């Protein structure tokens, strides 16, 4: 019993420390955070492991603590597109508030070893009843992400390929890029296929565009990272 109690306290402390680093929980008191943590499970995923599949998953909310996750969707013409990358602190998943609630519309796959905090549909609703401030923050975050997903799908449908690729690279740089003097380095296992799926184009086109930028000294690419050498040149493409 003593060992179980100790493990429970350690688990609670670990999840609480994780939650403190999530931006959407800033401003909440210690007791509110402790209450939220009671409902959450720590779930870890290996690189390239599927978290759930489109329209097959149980409803619930995930908070990414560490790692990188991509959300995939199959379009009407049977193409696979990445509708969003999930970064540490982001929320993904969905909640069913009633029988007629819409189902999940994307597949989630871990790009790196990833840690998440998960709250089930039932527990989320119970939390919302007891602590509406926490639920409102999570719901607002999830709604903002849905809007971003819609904007991504809309941008894939139009615009020049170079503009779309530049926009994606800049967005990733703004979220996880590390600045070193005059350059920005994106350290992530992004493949040409990933970028193609994020921009609604082919791998061949993605390779051609990025090779051209590399020759022009705008970017440098190696396995496992993208280095932005001339950010302003990429920004010109999306203005």
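Residue numbers (full-length UniProt numbering): 1 to 239.
Note that beta-carbon positions come from the ideal geometry of N, C-alpha and C, so glycine has one too.
Quick caveat: nothing in here was measured; it's all calculated off a predicted structure.
Kindly indicate the opening and closing residues of the alpha helix (DSSP H) around residue i.
i           : result
residue 204 : 203-215
residue 33  : 30-38
residue 161 : 161-176
residue 281 : Residue 281 lies beyond the stretch modelled for the chain, which goes from 1 to 239, so this question has no answer here.
With residue i and residue j assumed to form a contact (beta carbons below 8 Å), what rounded beta-carbon distance in angstroms separates them?
i           : j           : result
residue 177 : residue 165 : That belief does not hold up - the Cβ atoms of residue 177 and residue 165 are roughly 16 Å apart, past 8 Å.
residue 115 : residue 10  : Between residue 10 and residue 115 the Cβ distance is about 15 Å, and since that is not below 8 Å, they are no contact.
residue 72  : residue 80  : 6 Å
residue 184 : residue 232 : Not a contact, Cβ separation roughly 12 Å.
residue 91  : residue 133 : That pair is no contact at about 16 Å.
Are any of the Cβ atoms in chain E nearer than 8 Å to that of residue i?
i          : result
residue 62 : Structure shown: chain E not included; a single protein chain is present.
With the cut-off set at 8 Å, would you say residue i and residue j are in Cβ contact?
i           : j           : result
residue 197 : residue 69  : no
residue 124 : residue 147 : no
residue 190 : residue 226 : yes
residue 25  : residue 16  : no
residue 47  : residue 112 : yes
residue 117 : residue 42  : yes
residue 237 : residue 228 : no
residue 206 : residue 192 : yes
residue 119 : residue 40  : yes
residue 161 : residue 201 : yes
residue 121 : residue 59  : yes
residue 139 : residue 84  : no
Count the other C-beta atoms from every protein chain shown that fall within 10 angstroms of the C-beta of residue i, then say buried if there are 16 or more, exposed otherwise.
i           : result
residue 62  : buried
residue 53  : exposed
residue 88  : buried
residue 136 : exposed
residue 145 : buried
residue 174 : exposed
residue 107 : buried
residue 27  : exposed
residue 299 : No information on residue 299 is available, as it lies outside the stretch 1 to 239 that the chain covers here.
residue 93  : buried
residue 78  : exposed
residue 36  : buried
Start and end of the beta strand (DSSP E) containing residue i?
i           : result
residue 122 : Segment 121-130 is the alpha helix (DSSP H) holding residue 122; no beta strand (DSSP E) there.
residue 44  : 41-45
residue 27  : First-last for residue 27: undefined, no H or E at that position.
Would you list the one or two residues that DSSP bridges to residue i?
i           : result
residue 220 : 227
residue 69  : 86, 110
residue 183 : 180
residue 22  : Bridge partners of residue 22: none, in fact.
residue 92  : 62
residue 53  : Paired residues: none, contrary to the question.
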